[in-house]
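Novice: Same order as they appear, the protein sequences are chains A and B.
Once you know that position 27 of the first sequence is 33 in my numbering, the rest is easy, because the numbers rise by one and skip nothing.
Once you know that position 24 of the second sequence is 98 in my numbering, the rest is easy, because the numbers rise by one and skip nothing.
We treat Cβ as the ideally placed atom computed from N, Cα and C, and that holds for glycine.
For reference, the structure I am asking about is given below.
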Amino acid sequence: MFNLYYSTMKNTAFTKYHIELGARMAEFAGYNMPIEYSGINDEHITVREKVGVFDVSHMGEVWVKGPKALDFLQTITSNDVSALTDGKVQYSCFPNGKGGIVDDLLVYRVNAETYFLVINAANIDKDWNWICEQGKKFGFTPGKEIYNASDEFAQLAVQGPLALKAMQKLTSENVVDMEYYTFKKISFAGIKEVIFSTTGYTGAGGCEIYCANEDADKLWKAVFEAGAEFGIKPIGLGARDTLRLEVGFCLYGHDINDETSAIEAGLGWITKFVDGKNFIDRALWEKHKNEGTERRLKGFIMIDRGIPRQHYLIYDAQGNEIGEVTSGTMSPMSKQGIGMGYVKKGFWKDDTEIYIGIRDKKLKAKIVKPPFHLAK
Amino acid sequence: MNVPSNLKYTKDHEWIKVEGDVATIGVTDFAQSQLGDIVFIEIETVGETLAKEEVFGTIEAVKTVSDMFMPVAGEVLEVNPKITEQPDVVNKDPYGDGWMIKVKVSNPAELNELLTPEQYKGTINE
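So, in structure tokens, the structure goes:
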């Protein structure tokens, strides 16, 4: 019965390796992706303590080029693109014109007229349609100033404290000293050009490496050979989720969506109300920032034993409903329930006692700042 | 998948072993492999008499929550203390140290309605 599914799913350039290694596979965003190999906890701990490799080829990539590229990106993204210099990366989001978020993304500045956007796999079609629609106002032609390159890249995220040290073996360019959120095009593992970027969504440090699909085999083999002495392991999407949640990173479709504003989501730091940047929804989000919002995305840890899950309700000590969980799990590091959720005004301070409705009980938790696995 | 021949099974992936009028109940090797890392087990039905197919507890993996059902009606006598302290014992030894509860069987005739090892193998190989 499973094989019927496989035929409708897209494979990445690495899918064959995941199957060969015995990963549990499932469809994610239309791709046949590895969910886990040795087990989510083991993979999670490998990334926090050593180095792990994620196939993130399903992510989307869009080029924005030309003299109007900066103006365009200043309009459609919330962060200040003019603050970027060549070789720098920025986390940002697309406001949707109704006060919500189309997607969160990375913006890479190659040069003043060339930018590279990295978007969520599940949103590639939606984002591309949005970019094309907004691009019309700038006279952009799809395929020219804006170009969807999502099917052309293979990408590995090599994450963990030993990741850069391991990857340094594969290039003569200095990568161990690269600053966080920077990138360069380099020759790597015998591949003429990859984009080597010190980004990632685990909070464990490391890099993301983009190459052409035809170079993917070379990349996969070289990364695992170089990492062998550091205990490198392949990591599935299960651990990717627990890793990002422990450090309080938002997952689109869970913690942020078309109905949440960046301010409500605690993404004020990627929302820049600078002079001359008239981005979509600026007025509304500026109002949210200045006047405050009724709810806000907050992190919490469980005090009572229990695991919070998406859609569980949040209560105050009197049993009044004050919010809803958007992401939750058992932290593989602290072995404690952790989560995030939208919480009503008045319950945002650290250490505020809240209650999570788990099955027929209301279990005690408290508001904390990330990283949640280190919160006390 | 390991499906011991001396046990009976349910389509919901519980196993049951009967000794006199007391039955030991757990989840199958197939169930633990599908769940992945088991991180939390909650069973608060000790002392209760539950009907066949009633929920006796909850088992949580990193990403999922599943109910566990009574294979037959009975009184829950005991919960394995090991599984609340170290839930991963269920991954390691689902038919041994990872047992869930002991039950006093109310109606032994219900045991005949359970799946044989061969029948259970058939359900997981579909």
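1) Counting only C-beta atoms, is Asn-47(A) closer than 8 angstroms to chain B at any point?
2) Closer than 8 angstroms by beta-carbon distance: list the chain B residues that pair up with Met-336(A), in chain order.
3) Quick one, which of Tyr-169(B), Ala-183(B), Lys-137(B), Pro-168(B) has its alpha-carbon nearest His-335(A)'s?
4) Taking Pro-73(A) as the reference, give the member of Ser-98(A), Val-108(A), Gly-145(A) with the closest Cα.
5) How big is the Cα-Cα spacing for Ala-128(A) and Phe-279(A)?
6) Assuming Lys-370(A) and Ile-328(A) make a contact with CB atoms under 8 angstroms, what is their CB distance in whole Å?
7) Do the segment 184-196 of chain B and the segment 140-148 of chain B make contact, defined as three or more Cβ pairs closer than 8 angstroms?
8) Compute the Euclidean distance between the alpha carbons of Val-71(A) and Val-101(B), then round it to the nearest angstrom.
9) What does the Cβ neighbour count give for Ser-178(A), buried or exposed, with the cut at 16 atoms within 10 Å?
10) Alpha carbons only, please: which of Ile-90(B), Asp-86(B), Lys-85(B), Tyr-83(B) is nearest the one belonging to Lys-176(B)?
11) Excluding the 5 residues preceding and the 5 following Tyr-23(A) in the sequence, name in chain order all residues of the same chain whose CB lies nearer than 7 angstroms to its CB.
12) Quick one: which chain B residues come within Cβ less than 8 angstroms of Gly-244(A)?
13) Do Ile-241(A) and Thr-18(A) have their beta-carbon atoms positioned less than 8 angstroms apart in this structure?
14) Indicate whether Glu-252(A) and Phe-78(A) have their beta-carbon atoms separated by less than 8 angstroms.
15) Which of the three DSSP states is assigned to Tyr-12(A) in this structure?
16) What is the DSSP secondary structure of Tyr-194(B), reduced to helix, strand or coil?
17) Kindly indicate which residue of Lys-171(A), Gln-80(A), Ala-32(A) has the alpha-carbon position closest to the one of Gly-244(A).
18) Report yes or no: do the segment 340-348 of chain A and the segment 311-327 of chain A share at least 3 C-beta pairs separated by less than 8 angstroms?
19) What is the rounded straight-line gap between the Cα of Phe-202(A) and the Cα of Ser-337(A)?
20) Between Tyr-83(B) and Glu-128(B), what straight-line distance do the alpha-carbon atoms span, to the nearest angstrom?
21) Terminal residues of the continuous alpha helix (DSSP H) containing Ile-373(A)?
22) One question on the structure: do Cys-217(A) and Val-200(A) come within less than 8 angstroms of each other, judged by their Cβ atoms?
23) State the Cα-Cα distance for the pair Asn-80(B) and Glu-192(B), rounded to the nearest angstrom.
24) Would Gly-149(A) be called buried (16 or more neighbouring beta carbons within 10 Å of its own) or exposed?
25) Following the continuous beta strand (DSSP E) through Phe-194(A), name the residue where it begins and the one where it ends.
26) Does the Cβ of Ala-155(A) have 16 or more other Cβ atoms within 10 Å, making it buried, or fewer, making it exposed?
27) Who are the neighbours of Arg-365(A) on chain B, taking C-beta pairs under 9 angstroms?
28) Keeping to the same chain, check which residues put their C-beta closer than 7 angstroms to that of Tyr-12(A); ignore five residues upstream and five downstream.
29) On the premise that Phe-60(A) lies in contact with Leu-162(A), defined as a C-beta separation below 8 angstroms, what is that separation, rounded to the nearest angstrom?
30) Quick one: Cα of Ile-238(A) to Cα of Ser-107(B), how far?
31) Between Gly-352(A), Thr-332(A), Lys-375(A), Gln-324(A), which lies nearest to Tyr-361(A) when the distance is taken from Cα to Cα?
32) Looking at Val-164(B) and Ile-70(B), is the spacing between their C-beta atoms short of 8 angstroms?
33) Compare the C-beta of Glu-151(A) against all C-beta atoms of chain B and say whether one is closer than 8 angstroms.
34) Looking at the C-beta of Thr-248(A), does it have a partner C-beta in chain B at a distance below 8 angstroms?
35) Within the same chain, show all residues whose beta-carbon is closer than 6 angstroms to that of Asn-9(A), passing over the 5 residues directly before and after it, in chain order.
36) Whose Cβ in chain B lies nearer than 7 angstroms to the Cβ of Arg-315(A)?
Specialist: For this structure:
1) yes
2) Under the 8 angstroms cutoff, chain B gives Val-113, Phe-114, Glu-134, Val-136.
3) As written in the sequence, residue 335(A) is Thr, which differs from the His given in the question. Residue Lys-137(B) is the option with its Cα nearest to Thr-335(A).
4) Gly-145(A)
5) Looking at the two C-alpha atoms, the distance is approximately 29 angstroms.
6) Lys-370(A) to Ile-328(A), Cβ: 14 angstroms. No contact.
7) The segment 184-196 of chain B is in contact with the segment 140-148 of chain B.
8) The identity of residue 71(A) in the sequence shown is Lys, whereas the question assumes Val. Going from the Cα of Lys-71(A) to the Cα of Val-101(B) covers about 57 angstroms.
9) exposed
10) Ile-90(B)
11) Trp-226
12) Gly-110, Val-136, Lys-137
13) no
14) no
15) Bear in mind that a pLDDT of 47 at Tyr-12(A), under 50, signals an unreliable position, so the number given afterwards is only what the model happens to contain. DSSP places Tyr-12(A) in helix when its eight states are reduced to three.
16) helix
17) Ala-32(A)
18) yes
19) 30 angstroms
20) 15 angstroms
21) Where Ile-373(A) is concerned, there is no enclosing alpha helix (DSSP H), although the beta strand (DSSP E) it sits in stretches over 367-374.
22) yes
23) 11 angstroms
24) With a threshold of 16 other beta carbon atoms within 10 Å, Gly-149(A) falls short and is exposed.
25) 189-194
26) exposed
27) Within chain B, Glu-116, Thr-132, Val-139 have C-beta atoms less than 9 angstroms from the C-beta of Arg-365(A), given in sequence order.
28) Any reading at Tyr-12(A) needs caution, since the residue's pLDDT is 47, under 50, leaving its predicted position unreliable; the model's value is listed next. So the qualifying residues of the chain are Asn-38.
29) 7 angstroms
30) 23 angstroms
31) A check of alpha carbon separations from Tyr-361(A) across Gly-352(A), Thr-332(A), Lys-375(A), Gln-324(A) identifies Gln-324(A) as the nearest.
32) Examination of residue 70(B) is not possible in this model, given that chain B is present from 75 through 200 alone.
33) no
34) Closer than 8 angstroms to some Cβ of chain B, the Cβ of Thr-248(A) qualifies, so yes.
35) Confidence is the limiting factor: at Asn-9(A) the pLDDT is only 43, short of 50, which leaves the residue's position unreliable, though a coordinate-based value still follows. Nothing listed; no residue qualifies.
36) Within chain B, the residues placing a beta-carbon under 7 angstroms from that of Arg-315(A) are Val-139, ordered along the chain.
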